[in-house]
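Protein chains in written order, with my numbering: chain G, -9 to 399; chain F, -9 to 399. Even for Gly, the Cβ is constructed at its ideal location relative to N, Cα and C. Keep in mind that this is a model prediction, so the values were computed, not measured. Single-structure report; data block below.
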């Protein structure tokens, strides 16, 4: 079996957006052992779209399209695929009802062009869109399988995983299972150096290193006839990697550092409060991105102005005047202050210079002090980051979470 | 003139990496007014690569490839392109010398396979690789222009800008200029309904609607001989669209709602503080994502626990007990309370149920109250969102910013 991906959207050809859908879908197909030989991007142009679809029909077993399912005039994917594969279009009443309900719920008028989204190839398998309005669908014709998914990544990715992958699973050749070993505190190349010999030797499971913003992970992938056989192949390899990487591994197949920290706090019945300056609320936002965080998270203060540090957190004016807002002492007073003000067991303080402005020779852009307070004691770290405001903030928030993980939990 | 992009690399087909090179190159071609009709990704397979190149040769004026220029056996791009276009390969001595020097500098032995990178189509224009080892190149044959760039984005992007764009500038067919009209408060389909007749009539400039999380925008694109001529075409159309969409337009060619709100506050010398419950710091994080926000942003309180609402923001316990934390009254007390506690001119309060848990029949998941306080007066809105925690939070934060924009600025 081989599959071909077609992304439909002039915005990709103009360079307005990157075709990230192709990555998500290719990863899934790869897990199924289905080869992808071509990915194509074509604009909202009926002639060229038709040409691309005909080419794919002649060389692929499975055609997966993304985009062009929306309500507007230039959304042509369904009509063109139906024409190439000799399918009639029909109104899918449940989809129309769902779209109507959606507009009613959000209290907006449903314009007539939205009805277009409920017209689908007659008799197709409908993928209900729980993340947006346009449904996806699948049909089979002339021995080929056609799957259509919406273009926006926040709709495409969940529909791919929840609907299209189960639909395609019958074509999977055997079983592929992966484990993601999540790492904070090592760079990708450092991790690769440690794992180099294992990676070179290992054919099944394979080991691949990946980098993410301010962290990295090793993906271990086994192929076998059954899930249990994959597990048996994975277990000793995952164990050995975790042993080699030690404390820098924060979890296997976990969602995120904030999830791991949250679970640890909940287990210990501890509460958390955070005080942020340069991260501006990012740490609080990440902690509260985990459902159920109200079990352990009380809240936070974003003390951007010095007066807020003094009035809400009890940071001493003399410390600010003498050592400056970006200093280990202020980070510590923020951590202890927010724990006191909110009545939390653990307090975090972050102060630094995210840039691009505000740096000096002594205190350059990217300098951040992070302190964690618990039971009257502090753990405080200095961090020097590079590469822009977003990176500095992300790395500082991650480092704070990692300090809690290593030293409190 | 039209161009076609071919990325050569099995790692893209496996979903290991995203084809970001395509975006960078497409943006540059768009600036030159060179149309991109197709982007294709193909693996390191000689037969399929040759097929893709032949297809591109028959329909494009310019072929730009990325990847497959490296030292290993599966790097085939140059050889295959040379074969399709009847070019001989020749050793390019300056490139070989440069690669040798590179290995000497980093103190690593140059393995013999690296010499392969210095073999290029005879007589081509060589693009020296100052960011890696494999040189890029360009040649002309049978009236077609071929450009080869390395695959790694950190090499591809600078070589594209420093070498390939200057090489291609002679083909710039006039000029393309776009304006993005950013909209909050209308869905994409509503916007399209309003602009429908204009979109159908308009050939130059063209008008295209796009959706983003909780907002949308219309992109107006003009083609003409000069930048000034594009501007003359754009001006009346942009003006007419802004007139039709009215107050829902929050800016033209602006970065974001938070940037527009920040600029407005700065101009008026006003300060801002925010109190967040369900958004958990997201609004604060977005406001502080704008460099220079300390001019107007004092800080915020994430009051996840009710005690924090009472102790730090002065929300009345009776109101919480009687009406619940998710109520317009609590949103208003949060807004006024955070403005008072931090000494700000404008205060925002957000309280709601982000989900997935915590919803009831009367107060379902996605219900959020948002209040903006200024000069003793409140503007308060009820919002009912659907589709998951992240969407609820993003839409609530955006709505808060939009309330400030519409009612305070």
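- Across the structure, residue 158 (chain F) and residue 12 (chain G) are spaced so that their CA atoms are roughly 28 Å apart.
- Of the residues F:47, F:181, F:233, the one whose Cα lies closest to the Cα of residue 102 (chain G) is F:181.
- Residue contact check for residue 189 (chain F) against chain G: a CB pair falls below 8 Å.
- In the three-state reduction of the DSSP assignment, residue 227 (chain G) falls in the helix class.
- Relative to residue 200 (chain F), the option among F:2, F:119, F:172 whose CA is nearest is F:172.
- Between the stretch 23 to 42 of chain F and the stretch 391 to 399 of chain G there are fewer than three C-beta pairs closer than 8 Å, too few to call the two in contact.
- Under the Cβ criterion of 8 Å, residue 249 (chain F) is not counted among the residues facing chain G.
- DSSP assignment within the stretch 81 to 161 of chain F yields the following whole beta strand (DSSP E) runs of 3 residues or more, N-terminal first: 109 to 111, 115 to 117, 126 to 131, 134 to 139.
- Residue contact with chain G for residue 10 (chain F): present (Cβ-Cβ distance below 8 Å to some residue of chain G).
- No Cβ of chain G is located within less than 8 Å of the beta carbon of residue 338 (chain F).
- Straight across, the Cα-Cα distance linking residue 129 (chain F) with residue 220 (chain F) is about 32 Å.
- Taking 8 Å as the CB threshold, residue 98 (chain G) lines the interface with chain F.
- Residue-level contact check: residue 232 (chain G) does not touch chain F, since none of the beta carbons of chain F fall below 8 Å from its beta carbon.
- Counting only Cβ-Cβ distances below 8 Å, residue 174 (chain F) has no contacts in chain G at all, with the closest Cβ about 13 Å away.
- Spanning the alpha carbons of residue 72 (chain F) and residue 28 (chain F) requires a straight line of approximately 21 Å.
- Counting only Cβ-Cβ distances below 8 Å, residue 94 (chain G) has no contacts in chain F at all, with the closest Cβ about 10 Å away.
- Only residues of its own chain outside the window of five on either side were considered, and among them none has a CB closer than 6 Å to the CB of residue 233 (chain G).
- At a cut-off of 8 Å between C-beta atoms, residue 117 (chain F) does not count as an interface residue with respect to chain G.
- Not a single CB atom of chain G sits nearer than 8 Å to the CB of residue 22 (chain F).
- Straight through space, the alpha carbons of residue 53 (chain F) and residue -3 (chain F) are spaced by roughly 11 Å.
- If you look at residue -1 (chain G), you'll find it isn't in any alpha helix (DSSP H); DSSP assigns it neither H nor E.
- When C-beta atoms of the stretch 337 to 350 of chain F are compared with those of the stretch 359 to 374 of chain F, three or more pairs fall below 8 Å, so the two segments count as touching.
- Residues of chain G with a Cβ closer than 8 Å to the Cβ of residue 61 (chain F) do not exist; the shortest Cβ-Cβ separation is about 18 Å.
- Of all residues in the stretch 106 to 137 of chain F, none places a beta-carbon less than 8 Å from a beta-carbon of chain G.
- Annotation: Cβ neighbours of residue 297 (chain F) in chain G (cutoff 8 Å, chain order): 288, 332, 333.
- Membership of residue 293 (chain G) in the beta strand (DSSP E) is indicated by the continuous run 287 to 293.
- Between the alpha carbons of residue 33 (chain F) and residue 176 (chain G) lies a distance of about 31 Å.
- For residue -7 (chain F), the closest alpha carbon among the candidates F:399, F:100, F:51, F:99 is that of F:51.
- Between the alpha carbons of residue 302 (chain F) and residue 280 (chain F) lies a distance of about 26 Å.
- Sequence-distant Cβ neighbours of residue 105 (chain G) in its own chain, meaning closer than 7 Å and more than five residues away, are 86.
- Around the beta carbon of residue 315 (chain G), a 10 Å sphere encloses 16 or more other beta carbons of the protein chains shown; the residue is thus reported as buried.
- One thing to note: residue 331 (chain F) has its Cβ no nearer than 8 Å to the Cβ of residue 368 (chain F).
- Residue 205 (chain G) sits buried, since 16 or more C-beta atoms from the chains shown fall within 10 Å of its C-beta.
- In this structure, residue 265 (chain F) lies near residue 327 (chain F), with their beta-carbon atoms less than 8 Å apart.
- Our two residues, residue 252 (chain G) and residue 345 (chain F), have alpha carbons roughly 17 Å apart in a direct line.
- For residue 293 (chain G), a Cβ of chain F is located within less than 8 Å of the residue's own Cβ.
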